[in-house]
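> Structure incoming, see below.
Residue numbers (this note's numbering), protein chains in the order written: chain A, 1 to 541; chain B, 1001 to 1359.
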């Protein structure tokens, strides 16, 4: 500020002002502060889902740092002599012994372990729900496709991070999970056995896997997650948040409340609420009581072994797949493992990652979108999403087929066979049903616009006829319900040149036209102004 | 946007797409603009605002009290094994964990609730519009950037000196390879180890339940100790001296001993490889390697608890249900001179999950 002329110069008097001035003379932060301190964010409950992801990740970092201070990532043998007497004198790995130590002899250790585990479950769950929110509202459309890819990568990293962490305590359950992973790695054609030997440092389980996963779990993956979360948030900040349609809300503006003070208090407060909720869970609800499972021994297992929920889909797919294995030319190809372990997840995840680009190709839409779609107004997209959830859900449920069998007194074979059929049938049915529901909801919106809202007041006409008075909607409500776009399918005119040779890009254009018919062929039109006036003047209702 | 548009022109011939990307734009009902702000009770009633203020302050105070309580509980409440708190419906919890979790949870939750309540009742709730900026650069910026880039390219001689360009690309392509190369020592090559178990002719069968806590002592199994219908988890005697590699050995060599009436056994080979109706099968599931454990005495079915592969132990360990594709391998057994069960030979095939080289 010293370069300014004397009459413009600002002389800070308060301590805060002086500190800000000190920083500004070195960093020039006033410009950024001027622009961002009162940055506007729109308000909606569904925008908090991403916040839950971020906050549970911070809780994971904090509790994880504490745990590393006491955990010994080693598979060396020790004899347990701690304060949990049922395991006294038993031989186990240092990793398991130190986890028992954290649980029983380090004060607050069990709390941190349980906070860490609950936060991990909430982290992955929040990512899933947040992703679905983005999907169903079309928030992935231009210009946010790249942020969708970053978010997708974060989702995959979160799954990997969760699995690594789950494997560290070297208890019977986590060792069984690693055994299954190793069995699946062996099924990879050509290199599978080598990957397994390199990962485990030889035969299973070896002495290396826990220290190696420890490095992956506390350094490599969290570093990647932290970096990508930063990029994810910078893009949200820079591209500004999406908002719902409403009076005064356009594609060119963002309507909401300022960062300072409202969102500092709300979002900051919400961090403490999320942390507090997880702390209460950690204090009151037992999660992963590894002392009940015992140390990992490859010859022992408990019935009803279950992975954490986010592995359930893969587990269920593995249980569902019929036992197809091919032997040829001295080699074995285990499709019973490859299909659920590699092929199905690859298709599902690739589809998820590339969906924004697929939809953009079908709609041919090159415009920016900052107003969110209501799911009902994009019935085919919504139906694809619900079909995907159903597919995932059937696999996930089958991951607990043994528990369903014992709890509901059903045969595990019957449940598995049901899942084998349902994984194909249920998503198709869900797709069809979702579209019907979306069209129904659109028609209801249409009726509401044309005839108003049911008021609950019944009148009797001079002729004795009873009818309910419908209150017309306000201009703002009419605008909100009709501001969405109705897409039309593409029609083609085949153009040939003088010699009758068809256009070179005909095949692709035809495919696209077909896709748009599938997407937008059936639709509910928006009421027009004329229809509205007709409905009003006809005196209907 | 409606109307005819020609796209993706390739030469003189093109496909006309009608209604390409067509949408009904605009809205039949004009945007009335931002609705007028409706004041909250706390905006117009100073008493209500004061009440809000007190609630926020009370929440912050509660947070501070809980924080101090947390530190007191840390030193005063005994650790998790000595005292248990029972509460419905979540079950039992160590007293220390219960107290620390409760106080920390309240301290954090009250802090957050206070801040949010403050924001919702006393801070402004007048919604403000802010213009979005154009993300795409102006044409001028784009062409200036492109010109700068071209200038940089020209200054480097990238285009004029293909020898440098090609050698650079080639060298950069091989440079990351050492990152893979250097990982070679992560583990030994598999060789034939995936086919080997500790079972050889005459190897003594040890009952897993007899193995001492330190893993160095164990007892053999006499045929007369195994009743019909009994299931015994067993290991080769080599595990008692395996030391650090015990788990590795067990994960390949674990077996199950079952005794059936020979009349119930459907396969002659299975009878021959057993001893007086006692048969030994690999305990490692041929699906992904979990130990099979759940035995149904009446049907002689053996279920893997991981993925429910079911094997018929009275019929060569054949798969009767589930994702496993291969039978459980049978270990030929006999008795030695001292009357203990031993292996007659090793397994005739690799045990455990399939792998590419298995064949």
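Beta carbons are placed, not taken as given, at the ideal position from N, Cα and C, and that holds for glycine.
#1: What in chain A is Cβ-close to residue 1267 of chain B, meaning under 8 Å?
#2: Nearest by alpha-carbon distance to residue 527 of chain A: which of A/457, A/502, A/519 and A/449 is it?
#3: For residue 1010 of chain B, count neighbouring Cβ atoms within 10 angstroms of its own Cβ and tell me buried if that reaches 16, exposed if not.
#4: Report the partner residues of residue 470 of chain A according to the DSSP bridge assignment.
#5: Does the distance from the C-beta atom of residue 319 of chain A to that of residue 1307 of chain B stay below 8 Å?
#6: Hey, is residue 270 of chain A's beta-carbon within less than 8 Å of any beta-carbon in chain B?
#7: Quick check: what's the CA-CA separation for residue 266 of chain A versus residue 257 of chain A?
#8: Leaving out five residues on either side along the sequence, give the residues of the same chain with a beta carbon under 7 Å from the beta carbon of residue 530 of chain A.
#9: Let me know if residue 1124 of chain B comes out buried or exposed under the rule of 16 or more other beta-carbons within 10 Å of its beta-carbon.
#10: State the beta-bridge partners of residue 255 of chain A as determined by DSSP.
#11: Using the C-alpha atoms, what's the distance from residue 453 of chain A back to residue 246 of chain A?
#12: Have a look at B/1223, B/1218, B/1226 and B/1232 and flag the residue whose alpha-carbon is nearest the alpha-carbon of residue 1242 of chain B.
#13: So if DSSP puts residue 1319 of chain B in a beta bridge, which residue, or which two residues, is it bridged to?
#14: Near residue 383 of chain A, what residues of its chain come up, given a Cβ to Cβ distance below 6 Å and the 5 sequence neighbours on each side ignored?
#15: Determine the burial state of residue 398 of chain A: buried for a count of at least 16 other Cβ atoms within 10 Å of its Cβ, exposed for fewer.
#16: Between the alpha carbons of residue 48 of chain A and residue 375 of chain A, how many angstroms are there, rounded?
#17: Would you say residue 545 of chain A and residue 340 of chain A are within 8 Å of each other, going by their C-beta atoms?
#18: Would you tell me roughly how many angstroms separate the C-alpha atoms of residue 178 of chain A and residue 1345 of chain B, rounded to the nearest one?
#19: Among B/1096, B/1251 and B/1090, whose alpha-carbon lies nearest the alpha-carbon of residue 1234 of chain B?
#20: Is there a C-beta anywhere in chain A that falls below 8 Å from the one on residue 1301 of chain B?
#21: Please report the distance separating the alpha-carbon of residue 379 of chain A from that of residue 426 of chain A.
#22: Figure out for me which residue from A/463, A/223, A/330 and A/180 has the closest Cα to the Cα of residue 1288 of chain B.
#23: With 16 as the cutoff for other CB atoms within 10 Å, does residue 1050 of chain B come out buried or exposed?
#24: May I ask which residues mark the beginning and end of the beta strand (DSSP E) holding residue 21 of chain A?
#25: In chain order, what residues of the same chain have a beta carbon less than 6 Å from the beta carbon of residue 83 of chain A, not counting five sequence neighbours either side?
#26: Looking at C-beta atoms only, is the number of pairs between the segment 154–164 of chain A and the segment 216–229 of chain A that lie closer than 8 Å three or more?
#27: In the DSSP assignment, find the beta strand (DSSP E) that holds residue 1294 of chain B and state where it starts and stops.
#28: Should residue 1329 of chain B be flagged as near chain A, meaning a C-beta pair shorter than 8 Å?
#29: Taking residue 420 of chain A as the reference, which of A/321, A/518, A/504 and A/385 has the closest Cα?
#30: If distances are taken between C-alpha atoms only, which option among A/309, A/417, A/414 and A/59 comes closest to residue 115 of chain A?
#31: List the DSSP bridge partners of residue 84 of chain A.
#32: In three-state terms, what does DSSP make of residue 483 of chain A?
#33: What are the start and end residues of each continuous alpha helix (DSSP H) run of 4 or more residues lying completely inside the segment 1091–1160 of chain B, in chain order?
#34: Among the residues of its own chain, which have a CB less than 7 Å from the CB of residue 30 of chain A, if the five just before and after it don't count?
#35: Less than 8 Å between the beta carbons of residue 1110 of chain B and residue 1062 of chain B, yes or no?
#36: Which chain B residues sit within Cβ distance under 7 Å of residue 321 of chain A?
Inspection of the coordinates gives the following:
#1: Going along chain A, no residue has its Cβ under 8 Å from residue 1267 of chain B, so there is no contact; the nearest lies around 20 Å.
#2: Distance check between residue 527 of chain A and each of A/457, A/502, A/519 and A/449 places A/449 closest, using alpha-carbon atoms only.
#3: Residue placement at residue 1010 of chain B cannot be trusted, given a pLDDT of 33 that sits under 50; the coordinates are not used to answer.
#4: Paired residue(s): A/454.
#5: Yes, the pair counts as a contact, with Cβ atoms nearer than the cut-off.
#6: Interface flag for residue 270 of chain A against chain B is set, since a Cβ pair is found closer than 8 Å.
#7: Taking C-alpha positions only, residue 266 of chain A is separated from residue 257 of chain A by approximately 11 Å.
#8: Within the same chain, residue 530 of chain A has no close Cβ partners at all.
#9: Per the 10 Å Cβ criterion, exposed.
#10: In the DSSP output, where bridge partners are listed per residue, residue 255 of chain A has B/1129.
#11: Between residue 246 of chain A and residue 453 of chain A, the C-alpha separation is close to 18 Å.
#12: The shortest C-alpha to C-alpha distance from residue 1242 of chain B to any of B/1223, B/1218, B/1226 and B/1232 is the one to B/1218.
#13: In the DSSP output, where bridge partners are listed per residue, residue 1319 of chain B has B/1311.
#14: Same-chain partners within the cutoff: 431, 434 and 435.
#15: Under this definition residue 398 of chain A is a buried residue.
#16: Spanning the two alpha carbons is a distance of roughly 18 Å.
#17: This structure leaves residue 545 of chain A out entirely; chain A is present only between 1 and 541.
#18: One C-alpha to the other measures close to 30 Å.
#19: The candidate whose alpha carbon is nearest that of residue 1234 of chain B is B/1251.
#20: Contact with chain A is absent for residue 1301 of chain B, since none of that chain's Cβ atoms lies less than 8 Å from the residue's Cβ.
#21: Going from the Cα of residue 379 of chain A to the Cα of residue 426 of chain A covers about 18 Å.
#22: Closest option to residue 1288 of chain B, judged by alpha-carbon separation, among A/463, A/223, A/330 and A/180: A/180.
#23: Classification of residue 1050 of chain B: exposed, given that the 10 Å Cβ count is below 16.
#24: Per DSSP, residue 21 of chain A belongs to no beta strand (DSSP E); it is in the alpha helix (DSSP H), 15–27.
#25: So the qualifying residues of the chain are 104 and 105.
#26: Yes, the segment 154–164 of chain A touches the segment 216–229 of chain A.
#27: Note, residue 1294 of chain B: beta strand (DSSP E), 1294–1296.
#28: With 8 Å as the cut-off, residue 1329 of chain B does not count as an interface residue toward chain A.
#29: Its Cα nearest to that of residue 420 of chain A, the residue A/321 stands out among A/321, A/518, A/504 and A/385.
#30: It is A/59.
#31: Residue pairing by DSSP leaves residue 84 of chain A without any beta bridge partner.
#32: Judged by DSSP in its simplified three-state form, residue 483 of chain A adopts coil rather than helix or strand.
#33: Secondary structure within the segment 1091–1160 of chain B: the alpha helix (DSSP H) runs of 4 or more consecutive residues, fully enclosed, are 1095–1121 and 1139–1156 (chain order).
#34: Excluding residues within five positions, the ones whose Cβ falls inside 7 Å are 24.
#35: Residue 1110 of chain B places its beta carbon less than 8 Å from that of residue 1062 of chain B.
#36: Residues of chain B passing the Cβ test: 1323.
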